[in-house]
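So the mapping is simple: the working numbering equals the position in the sequence shown, first residue as 1, plus 126.
Each residue gets a CB set at the ideal place from its N, CA and C atoms; glycine is no exception.
Written out below as structure tokens is the structure these notes cover.
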Amino acid sequence: MKLLRSVDELRAYSDAERAAGRRIALVPTMGALHAGHLSLVAEGHRHADTVVVTIFVNPTQFAPGEDFDAYPRGLEADLAQCRAAGVAAVFAPPPDEMYPDGPEGGKTWVAVEDITAPLCGASRPTFFRGVATVVTKLLVVARPDVAVFGEKDYQQLQVVKRLARDLLLGVEILGAPIHREEDGLAMSSRNVYLDAGMRAEALVLSRALDAAEAAVRHGERSRDALLERATKEIATASHAAIDYVELRDPESLEPVGGTLEGPALLALAVHFPQRVGADEVVRLIDNRVLRPGV
Ligand code: PAF
Numbered sequence: 127m128k129l130l131r132s133v134d135e136l137r138a139y140s141d142a143e144r145a146a147g148r149r150i151a152l153v154p155t156m157g158a159l160h161a162g163h164l165s166l167v168a169e170g171h172r173h174a175d176t177v178v179v180t181i182f183v184n185p186t187q188f189a190p191g192e193d194f195d196a197y198p199r200g201l202e203a204d205l206a207q208c209r210a211a212g213v214a215a216v217f218a219p220p221p222d223e224m225y226p227d228g229p230e231g232g233k234t235w236v237a238v239e240d241i242t243a244p245l246c247g248a249s250r251p252t253f254f255r256g257v258a259t260v261v262t263k264l265l266v267v268a269r270p271d272v273a274v275f276g277e278k279d280y281q282q283l284q285v286v287k288r289l290a291r292d293l294l295l296g297v298e299i300l301g302a303p304i305h306r307e308e309d310g311l312a313m314s315s316r317n318v319y320l321d322a323g324m325r326a327e328a329l330v331l332s333r334a335l336d337a338a339e340a341a342v343r344h345g346e347r348s349r350d351a352l353l354e355r356a357t358k359e360i361a362t363a364s365h366a367a368i369d370y371v372e373l374r375d376p377e378s379l380e381p382v383g384g385t386l387e388g389p390a391l392l393a394l395a396v397h398f399p400q401r402v403g404a405d406e407v408v409r410l411i412d413n414r415v416l417r418p419g420v
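This is the structure we're talking about:
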């Protein structure tokens with residue numbers, strides 16, 4: 127497995143793979159890899175000959191006061207996991223390779239309109255600009271045939287699909303299903319911040335999704351009733367503080383009407399303290415597309 131540190135190395139590597147007739151799958155990550163990331167790699171293998179993982183904790187998607195400094199990092203362990211998963215190359219650049227003029231020094235940003243406004247964009251107003259910019263840079267340099275993103279970050283996946291289409295990048299953007307721990311908690315590099323008690327409380331996210339899905343299966347179609355069902359479940363965790371609980375159109379991310387008439391995205395973002403009494407909070411997201419009639 128190759129370890130690529132510079133943009134030039136990534137470009138040369140991808141050019142050579144393409145010239146040899148091999149299809150490339152790119153899997154962008156911020157490292158701290160877990161089984162969820164490895165499922166993205168597996169999806170890459172299904173669609174390409176060469177899987178390239180990028181590991182870069184992207185400063186421009188963190189607002190001041192967020193967890194950029196604390197974000198878990200462990201390159202050696204990440205490389206070992208990539209090697210075992212059959213990854214051909216890892217691109218792990220230092221920050222000045224991606225931002226030669228410093229994180230805020232560049233004059234060009236990729237801003238995707240409309241679908242970045244609600245949900246995570248409402249509470250993290252600069253987040254998607256940072257994501258869209260770094261992902262565009264990675265796609266432009268590597269020019270993969272496909273790129274794989276997790277459906278846990280559902281809105282991010284829609285944003286990346288939109289920018290790839292609008293900027294004519296000629297890459298197919300694939301979503302991979304949410305990977306869950308056995309007890310239902312969606313895998314996230316941020317789960318390690320939670321102590322055992324808060325981790326147990328965090329199970330209310332997947333329970334809220336299960337409850338709403340069960341209600342739909344039993345015929346519930348009222349948006350408000352479904353939101354109330356999910357909200358009540360989250361409220362059973364005494365330290366949970368809701369950022370949002372919303373039902374949105376899965377494609378446009380527009381709010382759904384009062385009655386579900388087709389698939390609807392139930393999206394959740396909830397804060398928990400890292401442990402009882404801690405000032406540091408962990409923001410977890412989860413989602414499920416509810417399908418009336420299935
Ligand atoms: O989902 C992530 O890990 C990041 O947002 C991404 C897509 C790698 C961009 O930094």
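Check: residue i C-beta below 7 Å from any heavy atom of the ligand PAF
i	result
F217	no
N317	no
T155	yes
Q207	no
F188	no
D222	no
Q281	no
N413	no
F275	yes
V238	no
V177	no
V396	no
V408	no
V257	yes
V260	yes
Counted within 10 angstroms of its Cβ, other Cβ atoms place residue i as buried (16 or more) or exposed
i	result
K263	buried
R291	exposed
V267	buried
R287	Going by the sequence as given, residue 287 is Lys instead of Arg. Flag for K287 reads buried.
S378	exposed
D134	exposed
P251	exposed
P226	exposed
T88	Absent from the model: residue 88. The displayed extent of the chain is 127 to 420, so no value can be given.
K233	exposed
I180	Here residue 180 is Thr; the residue named in the question, Ile, does not match the sequence. Label assigned to T180: buried.
R131	exposed
P381	exposed
K358	exposed
L129	exposed
D350	exposed
E143	buried
G212	exposed
A126	The requested residue 126 does not occur in the structure, where the chain is confined to residues 127 to 420.
L294	exposed
V178	buried
H344	exposed
P399	buried
A75	Residue 75 lies beyond the range of the chain shown here (127 to 420); nothing can be said about it.
Three or more beta-carbon pairs under 8 Å between the stretch 203 to 210 and the stretch 154 to 163, yes or no? Note that the stretch 203 to 210 touches the stretch 154 to 163; at least 3 beta-carbon pairs, one per stretch, sit closer than 8 Å.
Within the stretch 360 to 415, note down every full alpha helix (DSSP H) run reaching 4 residues or more, in order along the chain. Runs found: none.
Return the chain-ordered ranges of every beta strand (DSSP E) run that is complete within the stretch 263 to 323 and spans a minimum of 3 residues. Correct list: 272 to 276, 298 to 302.
Count Cβ pairs between the stretch 401 to 414 and the stretch 328 to 335 that sit closer than 8 Å; are there 3 or more? Yes, the stretch 401 to 414 touches the stretch 328 to 335.
Does the contact criterion of 3 or more C-beta pairs under 8 Å hold for the stretch 370 to 377 versus the stretch 292 to 299? Short answer: they don't touch.
Can you confirm whether the stretch 212 to 225 touches the stretch 181 to 190 when touching is taken to mean that 3 or more C-beta pairs between the two stretches lie within less than 8 Å? Yes, the stretch 181 to 190 is in contact with the stretch 212 to 225.
Do the stretch 244 to 258 and the stretch 383 to 400 make contact, defined as three or more Cβ pairs closer than 8 Å? Counting Cβ pairs under 8 Å, three or more are found: they touch.
In chain order, which continuous runs of the beta strand (DSSP E) of length 3 or greater are located wholly inside the stretch 138 to 214? The qualifying runs are 150 to 155, 176 to 181.
Three Cβ pairs or more, each shorter than 8 Å: is that satisfied between the stretch 314 to 325 and the stretch 395 to 404? A contact between stretches requires three or more CB pairs, one per stretch, nearer than 8 Å, and the stretch 314 to 325 meets this requirement with the stretch 395 to 404.
Measuring CB atoms only, is the stretch 273 to 280 touching the stretch 164 to 177, in the sense that at least three cross pairs come out at less than 8 Å? Contact annotation: the stretch 273 to 280 touches the stretch 164 to 177, with at least three C-beta pairs closer than 8 Å.
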